[in-house]
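Quick note, the sequence shown lines up with residues 851 to 899 if you use this note's numbering.
Written out below as structure tokens is the structure these notes cover.
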Amino acid sequence: MKTKEVKTFDSVAFFRAIKEKMAKMMEGMTLAQKKEFMRQIREGKIKVA
851 MKTKEVKTFD SVAFFRAIKE KMAKMMEGMT LAQKKEFMRQ IREGKIKVA
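Shown next as structure tokens:
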């Protein structure tokens, strides 16, 4: 039987938190604005974490 390792980093919780932050930031935006916002995040112009 394998012993369970203690997680130092929970990726699921981390990415859920990021997703929630992004959802709050994108609230009320049109689709075009959301696309531009996501492009800027991918390029590193906007930091979410």
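Ideal Cβ placement from N, Cα and C applies to all residues, glycine included.
Problem - Bounding residues of the alpha helix (DSSP H) (the contiguous stretch that carries residue 891) - result: Reading the sequence shown from its first residue, position 41 is the one you call residue 891. Counting along the chain, the alpha helix (DSSP H) containing residue 891 begins and ends at 881-893.
Handout entry: C-alpha distance - residue 889 paired with residue 854, whole-angstrom precision
Key = On the sequence shown, residue 889 is found 39 positions in, with the first residue counted as 1. On the sequence shown, residue 854 is found 4 positions in, with the first residue counted as 1. Using only the alpha carbons, I get a separation of about 39 Å.
Exercise for the section: Indicate the three-state DSSP secondary structure (helix, strand or coil) for residue 877 in the structure shown. Expected result: Within the sequence shown, residue 877 is the residue found at index 27, counting from 1. Coil, per DSSP.
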